[in-house]
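Structure first, then comments.
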Amino acid sequence: MALNSEVLALLDEMKEIRRNIHRNPEVGLETVETAKLIKSKLDEYGIPYSDCGVNSVVAEIKGGEGDTTVAFRVDFDALEMEEENDFAYKSQVQGRMHACGHDGHCTSLIALAAYLSKNRDFNGTVLLLFQSGEEGYEGALRVIEDGFFDKYKVDYMFGFHNWPGLETGKIAVHNGACMASEDRFEIYVTGKSGHASMPHVSNEPFAAVADIIKGLQSIIVRKVPSHERGVISITQVHGGSMRNGIPDRVMVQGNVRTCNEDVQDLIEESIGQVAKGAATMYGVKAELDYVRKHPVLVNSVPEIGLKAAEKVVGAENVVTDMESSMAAEDYAFFMKHTKGCYVWIGNGSDSAALHNSKYDFNDEILPVAASFFIAVIDELL
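This is the structure in structure tokens:
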């Protein structure tokens, strides 16, 4: 591997920063102390920054002449989970832990800031975006709504996620879709309540609900083309409060994932058809509330990510045939406004899974991520 020597020299310092963040996890948009830590390091490096979104931070580093702007984005929020690791830097906050590696993502960009504070031999501008609230709190949208793309002319944006199961020293680059969309839906089925002993004088909604759930399972296999991928999962069913009473209303909740926007449209339409058909059959009313939470994350310039990855880990360690993940990433919102590429950096074949109570970010990949960012700058600026 051709890791940047200056970044390698920072590894011990960066390990301490990463473990400090791990020890003190903050959830969602309430990332006040972590943002303070980021700002303290930027102050130390003499890099100007400003607040954006909700407790997110953007730093601006100008090089020589040139009007191209390249942004790098990382997240730094934790999860509401109890950590089961027993190392010295385990979470000190009950019910919260960095189970997705955002502590490491954040530290990788701090390492890039340290490097760029002494190396500005590029033409153009580099933006470092530290984003809160990735884990379902719409942190990316808050940044965009706060005028990020109005204030800065962002020509390219790059990001990464550590990837358990992928060997350390390998980088995966996807051509096209990298992460899935996430949609959420609720179907409200309304009938007529009554006594359980006299269903003939009521109109119970559960029969329709049963057919709706069964029908939803047929959408992927019968309507989605076999070369495409999609997931429909029923996550909650609520209705009724008595053993001997038929309720008026039952709610079915679910989650949808796909890596193609056309398939996303097809699934939403099909869910509505299934609900309407079952409601008609049983003489009840069905209302669908469908929300598109995250779009598909599509790499528009994978060739740049590929070249940068090859410079850092060698062509033999760049993986280009991994399936896109059905997990979602709100980085996808940024890709609606600019060109970019999002890569996966191996966290180790023996790493615990993301969102697992035994997970920990692999400190040894901090210089891999920072070196990848530097290689992107070399490619573009």
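Offset between the sequence shown (1-based) and the working numbering: plus 187.
Every residue gets a Cβ at the ideal spot worked out from N, C-alpha and C, and that includes glycine.
None of the values given here were measured: they were computed from a predicted structure.
Worksheet item: Since residue 213 contacts residue 544 with CB under 8 angstroms, what's their CB separation in whole angstroms?
Response: To locate residue 213, count along the sequence shown from 1; it is residue 26. To locate residue 544, count along the sequence shown from 1; it is residue 357. Between residue 544 and residue 213 the Cβ distance is about 18 angstroms, and since that is not below 8 angstroms, they are no contact.
Practice prompt. Can you grab the Cα-Cα spacing for the pair residue 193 / residue 211, in whole Å?
Written response: The residue you call residue 193 lines up with position 6 of the sequence shown. The residue you call residue 211 lines up with position 24 of the sequence shown. Computed Cα separation, rounded: 27 angstroms.
Worksheet item: Along the chain, where does the alpha helix (DSSP H) that runs through residue 464 open and close?
Response: Numbered from 1 along the sequence shown, position 277 holds the residue referred to as residue 464. Here the alpha helix (DSSP H) through residue 464 covers 448-469.
Worksheet item: What do you get for residue 505, buried or exposed, if any count of 16 or more other CB atoms within 10 angstroms of its CB means buried?
Response: Position 318 of the sequence shown, counting from 1, holds the residue named residue 505. Residue 505 is buried by the Cβ-count criterion.
Item to complete: Entirely within the segment 502-567 and at least 4 residues each: give me those alpha helix (DSSP H) ranges in chain order.
Response: 553-567
Practice prompt. Could you check how far apart the C-beta atoms of residue 180 and residue 315 are, in whole angstroms? I think they sit under 8 angstroms.
Written response: No answer is possible for residue 180: the residues shown for the chain start at 188 and end at 568.
Practice prompt. Spatial neighbours of residue 234 within its chain, please: CB distance less than 7 angstroms, with the 5 preceding and 5 following residues excluded, ordered by chain position.
Written response: Taking the sequence shown and counting its residues from 1, the one referred to as residue 234 is at position 47. Closer than 7 angstroms at Cβ, skipping near neighbours: 246, 248, 300 and 304.
Worksheet item: From what residue to what residue does the beta strand (DSSP E) around residue 252 run?
Response: On the sequence shown, position 65 is the one that residue 252 refers to. Segment 251-262, the beta strand (DSSP E) holding residue 252.
Worksheet item: The alpha helix (DSSP H) spanning residue 223 covers which residue range?
Response: Taking the sequence shown and counting its residues from 1, one reaches residue 223 at position 36. Run containing residue 223: 219-232, per the alpha helix (DSSP H) assignment.
Worksheet item: residue 399: which of 423, 439, 387 and 368 sits nearest, CA to CA?
Response: Along the sequence shown, one-based indexing puts residue 399 at 212. Here the closest residue by C-alpha is 439.
Discussion item. Starting from residue 317, trace the beta strand (DSSP E) in both directions and tell me its first and last residue.
Written reply: Along the sequence shown, one-based indexing puts residue 317 at 130. Where residue 317 is concerned, the enclosing beta strand (DSSP E) stretches over 310-318.
Item to complete: Compare the Cα-Cα distances from residue 195 to each of 558, 323, 217 and 363 and report the closest residue.
Response: One-based indexing of the sequence shown puts residue 195 at position 8. That would be 558, whose Cα lies nearest to the Cα of residue 195.
Worksheet item: Once you ignore the five residues that flank residue 309 on each side, which residues in its own chain have a CB closer than 6 angstroms to its CB?
Response: For this step, residue 309 is matched to residue 122 along the sequence shown. Only 250, 564 and 568 meet the Cβ criterion.
Fill in: Rounded separation between residue 380 and residue 408 - CA only
As a position in the sequence shown, residue 380 is number 193, starting the count at 1. As a position in the sequence shown, residue 408 is number 221, starting the count at 1. About 35 angstroms.
Worksheet item: Just how far apart, CA to CA, sit residue 552 and residue 244?
Response: As a first step, residue 552 is located in the sequence shown; it is residue number 365 there, counting from the start. As a first step, residue 244 is located in the sequence shown; it is residue number 57 there, counting from the start. If I take the Cα positions, the gap works out to 23 angstroms.
Worksheet item: Rounded to the nearest angstrom, how far is the Cβ of residue 365 from that of residue 534, given a contact under 8 angstroms?
Response: Within the sequence shown, residue 365 is the residue found at index 178, counting from 1. Within the sequence shown, residue 534 is the residue found at index 347, counting from 1. About 16 angstroms; that fails the 8 angstroms criterion.
Worksheet item: What residues are listed by DSSP as bridge partners for residue 370?
Response: Taking the first residue of the sequence shown as 1, we reach residue 370 at position 183. Partner(s): 443 and 479.
Item to complete: Starting from residue 420, trace the beta strand (DSSP E) both ways and give me its first and last residue.
Response: Walking along the sequence shown from the start, residue 420 turns up at place 233. First-last of the beta strand (DSSP E) with residue 420: 417-426.
Worksheet item: For the alpha helix (DSSP H) that contains residue 192, what are its first and last residues?
Response: Position 5 of the sequence shown, counted from the start, is the residue given in the question as residue 192. That run of the alpha helix (DSSP H) goes 192-196.
Discussion item. Quick check on residue 401: buried or exposed, where buried means 16 or more other Cβ atoms within 10 Å of its Cβ?
Written reply: Residue mapping note: residue 401 aligns to position 214 of the sequence shown, counting from 1. Exposed.
Practice prompt. Compute the beta-carbon to beta-carbon distance between residue 560 and residue 290, rounded to the nearest angstrom, for a pair I have assumed lies under 8 angstroms.
Written response: In the sequence shown, residue 560 corresponds to position 373, counting from 1. In the sequence shown, residue 290 corresponds to position 103, counting from 1. Wrong, their Cβ atoms sit about 17 angstroms apart, outside the cutoff.
Worksheet item: Taking just the CA atoms, how far does residue 541 sit from residue 311?
Response: Translated into positions along the sequence shown, residue 311 becomes position 124. Translated into positions along the sequence shown, residue 541 becomes position 354. Spanning the two alpha carbons is a distance of roughly 36 angstroms.
Worksheet item: Grouping DSSP H, G and I as helix and E and B as strand, with all else coil, what is residue 209?
Response: Counting from 1 along the sequence shown, the entry for residue 209 is found at position 22. DSSP places residue 209 in helix when its eight states are reduced to three.
Practice prompt. Drop a sphere of 10 angstroms on the beta-carbon of residue 368, count the other beta-carbons inside from all chains shown, and report buried for 16 or more, exposed for fewer.
Written response: Working through the sequence shown from its first residue, we reach residue 368 at position 181. Under this definition residue 368 is a buried residue.
Discussion item. Rounding to the nearest angstrom, what Cα-Cα distance links residue 252 and residue 230 in this structure?
Written reply: As a first step, residue 252 is located in the sequence shown; it is residue number 65 there, counting from the start. As a first step, residue 230 is located in the sequence shown; it is residue number 43 there, counting from the start. Near 24 angstroms, if we compare the C-alpha coordinates of residue 230 and residue 252.
Worksheet item: Just curious, the alpha helix (DSSP H) that residue 293 is in, first and last residue?
Response: The residue given as residue 293 occupies position 106 in the sequence shown. Its alpha helix (DSSP H) spans residues 289-303.
Worksheet item: With 16 as the cutoff for other CB atoms within 10 Å, does residue 221 come out buried or exposed?
Response: As a first step, residue 221 is located in the sequence shown; it is residue number 34 there, counting from the start. With 16 or more other Cβ atoms within 10 Å, it is buried.
Worksheet item: Exposed or buried, which one is residue 481 when buried takes at least 16 other CB atoms within 10 Å?
Response: Locating residue 481 in the sequence shown gives position 294, where the first residue counts as 1. Looking at its Cβ environment, which holds 16 or more other Cβ atoms inside 10 Å, residue 481 is buried.
Worksheet item: Candidates 208, 410, 433 and 498: which alpha carbon is nearest residue 455's?
Response: Counting from one through the sequence shown, the residue named residue 455 turns up at place 268. Comparing Cα positions, the closest option is 410.
Worksheet item: If we count the other Cβ atoms within 10 Å of its Cβ and call it buried at 16 or more, is residue 460 buried or exposed?
Response: Residue mapping note: residue 460 aligns to position 273 of the sequence shown, counting from 1. Burial call: exposed.
Practice prompt. Go through its chain and collect everything with a Cβ distance to residue 516's Cβ below 6 angstroms, but skip five positions before and after it.
Written response: Taking the sequence shown and counting its residues from 1, one reaches residue 516 at position 329. Excluding positions up to five away in sequence, the list reads 366 and 484.
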